[in-house]
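A.B. asks:
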Amino acid sequence: MADKELDRAVAGEYNLGFEIDIEEDRVPPGLNEDVIRFISKKKEEPEWMTELRLKAYRKWTQMEEPHWGHLHYDPIDYQAISYYAAPKKGPESLDEVDPKILEAYEKLGIPLEEQKQLAGVKVAVDAVVDSVSVKTTYRKELEKHGIIFCSISEAIRDYPELVQKYMFSVVPMNDNFFAALNSAVFTDGTFVYIPKGVRCPMELSTYFRINAMNTGQFERTLIVADEGSYVSYNEGCSAPMRDENQLHAAVVELIALEGAEIKYSTIQNWYPGDEEGKGGIYNFVTKRGLCEKDAKISWTQVETGSAITWKYPSCILKGDNSVGEFYSVAVTTLAQQADTGTKMIHLGKNTSSTIISKGISAMKGQNTYRGLVKIGSKAEGARNYSECDSLLIGDQCGAHTFPYLESKDAHGQVEHEATTTKISDEQLFYLRQRGIGEEDAVSMIVHGFCKEVFNQLPMEYAVEARALLNLTLEGSVG
Amino acid sequence: MSVMMDIQNLHAGIGEKEILKGLNLQIEEGKVHAIMGPNGAGKSTLSKAITGHYEVKVTDGKILYKGQDITDWEPEERALEGIFLSFQNPVEIPGVNNAYFLRTAVNARRKHLGLPELNAAEFLRKMKELVKELGMKPEMINRSLNVGFSGGEKKRNEILQMMMLEPDMIILDEIDSGLDIDALRAVSEGINKLKDGKRSFLVITHYSRILDYIQPDYIHVLMDGRIVKTAGPELVAELEEKGYGAIGAEG
Numbered sequence: 134m135a136d137k138e139l140d141r142a143v144a145g146e147y148n149l150g151f152e153i154d155i156e157e158d159r160v161p162p163g164l165n166e167d168v169i170r171f172i173s174k175k176k177e178e179p180e181w182m183t184e185l186r187l188k189a190y191r192k193w194t195q196m197e198e199p200h201w202g203h204l205h206y207d208p209i210d211y212q213a214i215s216y217y218a219a220p221k222k223g224p225e226s227l228d229e230v231d232p233k234i235l236e237a238y239e240k241l242g243i244p245l246e247e248q249k250q251l252a253g254v255k256v257a258v259d260a261v262v263d264s265v266s267v268k269t270t271y272r273k274e275l276e277k278h279g280i281i282f283c284s285i286s287e288a289i290r291d292y293p294e295l296v297q298k299y300m301f302s303v304v305p306m307n308d309n310f311f312a313a314l315n316s317a318v319f320t321d322g323t324f325v326y327i328p329k330g331v332r333c334p335m336e337l338s339t340y341f342r343i344n345a346m347n348t349g350q351f352e353r354t355l356i357v358a359d360e361g362s363y364v365s366y367n368e369g370c371s372a373p374m375r376d377e378n379q380l381h382a383a384v385v386e387l388i389a390l391e392g393a394e395i396k397y398s399t400i401q402n403w404y405p406g407d408e409e410g411k412g413g414i415y416n417f418v419t420k421r422g423l424c425e426k427d428a429k430i431s432w433t434q435v436e437t438g439s440a441i442t443w444k445y446p447s448c449i450l451k452g453d454n455s456v457g458e459f460y461s462v463a464v465t466t467l468a469q470q471a472d473t474g475t476k477m478i479h480l481g482k483n484t485s486s487t488i489i490s491k492g493i494s495a496m497k498g499q500n501t502y503r504g505l506v507k508i509g510s511k512a513e514g515a516r517n518y519s520e521c522d523s524l525l526i527g528d529q530c531g532a533h534t535f536p537y538l539e540s541k542d543a544h545g546q547v548e549h550e551a552t553t554t555k556i557s558d559e560q561l562f563y564l565r566q567r568g569i570g571e572e573d574a575v576s577m578i579v580h581g582f583c584k585e586v587f588n589q590l591p592m593e594y595a596v597e598a599r600a601l602l603n604l605t606l607e608g609s610v611g
Numbered sequence: 307m308s309v310m311m312d313i314q315n316l317h318a319g320i321g322e323k324e325i326l327k328g329l330n331l332q333i334e335e336g337k338v339h340a341i342m343g344p345n346g347a348g349k350s351t352l353s354k355a356i357t358g359h360y361e362v363k364v365t366d367g368k369i370l371y372k373g374q375d376i377t378d379w380e381p382e383e384r385a386l387e388g389i390f391l392s393f394q395n396p397v398e399i400p401g402v403n404n405a406y407f408l409r410t411a412v413n414a415r416r417k418h419l420g421l422p423e424l425n426a427a428e429f430l431r432k433m434k435e436l437v438k439e440l441g442m443k444p445e446m447i448n449r450s451l452n453v454g455f456s457g458g459e460k461k462r463n464e465i466l467q468m469m470m471l472e473p474d475m476i477i478l479d480e481i482d483s484g485l486d487i488d489a490l491r492a493v494s495e496g497i498n499k500l501k502d503g504k505r506s507f508l509v510i511t512h513y514s515r516i517l518d519y520i521q522p523d524y525i526h527v528l529m530d531g532r533i534v535k536t537a538g539p540e541l542v543a544e545l546e547e548k549g550y551g552a553i554g555a556e557g
């Protein structure tokens, strides 16, 4: 059936100039309109989507890579990247999933089996591996509530009206260079729709990982919470050791309609590269949410991986009384560089936002907080509280803070606090004098520093974040 | 007499400056030893040298503890073997829950001793009892370690840790400084409760006030980096009367 549709699409629209064999599991490196058509066809997309991709691609070719971040890296050759790779076969059930993939999950301490067994907590997993969704569970239970939780490709095919209405509505396709690239070539990602008044009965989770050589990954996530609904969504990533730089440019759009609440938690653990920064992931992410009246969006992120992180999960507080939150822990060790923060755009009356950012730098890590609080001319009674703290471990690392404030009228109430501290020898000695080993002592101090953010994570996710933080900082002391 | 700690010809300093200049001191098992001396004599440096503080460099001599030379041991190794220091100025550690910290420390020690770890409930029961005994507010259990604690609360928290950890060799560095009379009494009661005829105490102070509450067996006078006089508790009265100057002249 799918094949027939595909044949029709091939015959009708794309026969001219189409040079890539659709049977290929992997597209040759390079980016042009043929590659985009190939991806769209591979995904069995309707024509309107193909056209949108091509439009985005044409915009992208007119744009320039931004370089305002406090980041240093070699130029990216976009023609050297392969924009599509599929796993060898598409498994139908858990038993068919590549044992190596399952093993990778095990190594990350987040085995799917364990997730299922978590006492009383059901976690639906839509695992995206190498650009193709290989597994969706618990979908039936979600369907009972009218919740849609599927890959973005399926959503494009099965729920075109929702996708057409909301995709690009918060992050326009030409929003920035990386968002435009993603709009042209995204290969998978997740779609969530929560109907009016429904409280999603379980945490929704997607684990992403990269495992083909030299393949960029471009996820696209779209979450729509209809009026008065609630959803908590967890996104976690990891990637195994590798030598070549990998480009990752995801886009996440959240829409919280009137009275809705979206809680979006991320654990990001892409391969950070070696001590020189060689081989790590380049992570350029655009995440933005729109809040209608009385809605709330809360971003929580724990960023421990990637060689380069460029990421500013933001909230547009359009509706009156809407609330935006950003809780972040960003760790840079080895030669990692992170330029991350948030934008809180206050447009509605009595909107409020909270920013808690914790940056941890060790070894040669460079950590930058960049945040914007913008208060529009109609945002009477707008309030923001920002707290940006940096913790330094050792003396080769760096922390930088760039808070920006734009207020059209002076009617907003904005508070900003920033601290930079070093783990003191006296704190370490105190803990060691009580019999706690040096690494555990550092970990205890670091966890204390991150506490406000970890408290925002769903419980089992917080456990994972703590374990990851320990793993990341292993060997960065002394 | 059985010796808990034997400090032999200890030379130690901070930076280039030598502060302990050939200090000899024997601490007996089950006894309370008080070290008295004027400011700058090296009292705090001695407590740091015994616990392996990062600032203090030992240049000569050695510290034997339970018969082992611990001069070069890591601070946590000494702690696990039962050496406890009640800090003069306990440091604040934001976000680290007091109970969580102490349970980690207690279980690290229990593990070292080959004892089963205490579970959260067992631990909390014990901690709550002691918090009450020491006249601490119950909310101290879940506050961040020493953060925003008053001087008296910090000292009581040190004693709480001591009582939970049940160490063998306890060093109390100026435990009475900044304590009002109620706090001093509570702290002293806690210390006295731990006296069991095996545990040794080294009470470092430059006031004799605390010694009215914790009866010392020996008084050592530390001046200019050496122990210049050792005597029984009667020495306290003499020091009160004549001051350290007279002792220094004798020595």
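Chains as they are written, first to last, in my numbering: chain A, 134 to 611; chain B, 307 to 557. By construction, the Cβ of each residue, glycine as well, lies at the ideal position given by its N, Cα and C atoms. As the structure is a computational prediction, the values presented were derived from the model and not from experiment.
1) CA-CA distance, V262 of chain A and D479 of chain B?
2) Who are the near neighbours of I556 of chain A in its chain, counting only those whose CB is closer than 7 Å to its CB and skipping five residues on each side?
3) Going straight from the alpha carbon of G577 of chain B to that of E324 of chain B, what length do you get?
4) How would you list, in chain order, the residues of chain A whose beta-carbon sits under 8 Å from the beta-carbon of S506 of chain B?
5) Taking only three categories from DSSP, how would you classify L602 of chain A?
6) Whose Cβ in chain B lies nearer than 9 Å to the Cβ of I578 of chain A?
7) Decide if the stretch 596-605 of chain A is in contact with the stretch 397-405 of chain A; the criterion is three or more beta carbon pairs, one per stretch, under 8 Å apart.
8) Whether or not the stretch 510-517 of chain A and the stretch 471-485 of chain A are in contact is what I'm after, with contact meaning three or more pairs of Cβ atoms, one per stretch, closer than 8 Å; do they touch?
9) Taking all protein chains shown into account, do 16 or more other C-beta atoms lie within 10 angstroms of the C-beta of V596 of chain A, making it buried, or fewer, making it exposed?
10) Where does the unbroken beta strand (DSSP E) through N517 of chain A begin, and where does it stop?
11) For the stretch 560-573 of chain A, enumerate the residues whose C-beta is nearer than 9 Å to any C-beta of chain B, in chain order.
12) Count the other CB atoms, across all protein chains shown, that sit within 10 Å of the CB of N416 of chain A; report buried if there are 16 or more and exposed otherwise.
13) Going by Cα to Cα distance, which pick from A:A463, A:Q469, A:P305 and A:K329 is closest to R599 of chain A?
14) Taking its Cβ as the centre, do 16 or more other Cβ atoms sit within 10 Å of W181 of chain A, making it buried, or is it exposed?
15) On the three-pair Cβ rule with 8 Å, is the stretch 460-474 of chain B touching the stretch 404-414 of chain B?
16) Near G474 of chain A, what residues of its chain come up, given a Cβ to Cβ distance below 6 Å and the 5 sequence neighbours on each side ignored?
17) Going straight from the alpha carbon of Y524 of chain B to that of T511 of chain B, what length do you get?
18) So, for L564 of chain A: in the same chain, excluding its five sequence neighbours on each side, which residues have a beta-carbon less than 7 Å away from its beta-carbon?
19) Under 9 Å, Cβ to Cβ, is there at least one residue of chain B near C521 of chain A?
20) Ignoring anything shorter than 4 residues, give me the alpha helix (DSSP H) runs that lie fully in the stretch 437-513 of chain B, in order along the chain.
21) Excluding the 5 residues flanking K417 of chain B on each side, which residues of the same chain have their C-beta closer than 8 Å to its C-beta?
22) Let me make sure I understand the geometry here. Which of A:C283, A:L164, A:D321 and A:S486 has the alpha-carbon closest to that of E548 of chain A?
23) Please state the DSSP three-state secondary structure of C583 of chain A.
24) Confirm, please, whether the CB-CB distance from G457 of chain B to G305 of chain B is below 9 Å.
25) If you measure from the beta carbon of R415 of chain B to each beta carbon in chain A, is any gap under 9 Å?
26) At a CB-CB cut-off below 9 Å, which residues of chain B make contact with L584 of chain A?
27) Using a Cβ-Cβ cut-off of 9 Å, state whether Y360 of chain B counts as contacting chain A.
28) Using the Cα positions of F301 of chain A and E386 of chain A, report the straight-line distance between them to the nearest angstrom.
29) Any chance the stretch 157-165 of chain A sits against the stretch 286-293 of chain A, with 3 or more Cβ pairs inside 8 Å?
30) Please state the DSSP three-state secondary structure of I525 of chain B.
31) In the DSSP output, what is V338 of chain B paired with across the bridge?
32) Check whether the Cβ atoms of T354 of chain A and I400 of chain A sit closer than 9 Å, and answer yes or no.
33) Please compile the residues from chain A whose C-beta is within a distance smaller than 9 Å of the C-beta of A385 of chain B.
34) Taking DSSP as the reference, what is the three-state secondary structure of G550 of chain B?
35) Quick one: give me the first and last residue of the alpha helix (DSSP H) that D167 of chain A is part of.
36) Quick one: what's Y366 of chain A bridged to in DSSP?
C.D. replies: Here's the rundown:
1) Low confidence applies here, because V262 of chain A scores a pLDDT of 44, under 50, leaving its location unreliable; read the following figure in that light. One C-alpha to the other measures close to 59 Å.
2) Taken in chain order, the residues that qualify are L524, I526, V575 and I578.
3) Only positions 307 to 557 of chain B appear in the structure, and residue 577 of chain B is not among them; the question remains open.
4) Simply none; closest approach about 17 Å.
5) helix
6) I399, P400, G401 and V402
7) yes
8) yes
9) exposed
10) R516 to I526
11) Residues of the stretch 560-573 of chain A that bring their beta carbon within less than 9 Å of a beta carbon in chain B comprise Q560, L561, F562, Y563, L564, R565, Q566, R567, G568, I569, G570, E571 and D573, in sequence order.
12) buried
13) With distances taken between Cα atoms, R599 of chain A lies closest to A:A463.
14) exposed
15) Verdict: yes, contact present.
16) Sequence-distant partners of G474 of chain A (beyond 5 residues in either direction) whose C-beta falls short of 6 Å from its own C-beta, in its chain, are Y445, Y502, R503 and G504.
17) 13 Å
18) Counting only residues of its own chain and dropping the five nearest sequence neighbours on each side, L564 of chain A has a CB closer than 7 Å to the CB of A574 and M577.
19) no
20) 457-471 and 487-500
21) E423
22) A:S486
23) helix
24) Past the boundaries of the shown model lies residue 305 of chain B; chain B is included only from 307 to 557, so the question cannot be answered.
25) yes
26) It is Lys, not Leu, that sits at residue 584 of chain A in the sequence shown. Ordered by position in chain B, the residues that pass the 9 Å Cβ test against K584 of chain A are P400, G401, V402, N403 and S450.
27) It does: the Cβ of Y360 of chain B has a partner Cβ on chain A nearer than 9 Å.
28) 8 Å
29) no
30) strand
31) B:F507
32) no
33) R565, Q566, R567, G568 and I569
34) Position check: residue 550 of chain B holds Tyr in this sequence, whereas Gly was assumed. Helix.
35) E166 to K175
36) The partner list for Y366 of chain A (beta bridge, DSSP) reads A:L337 and A:Y397.
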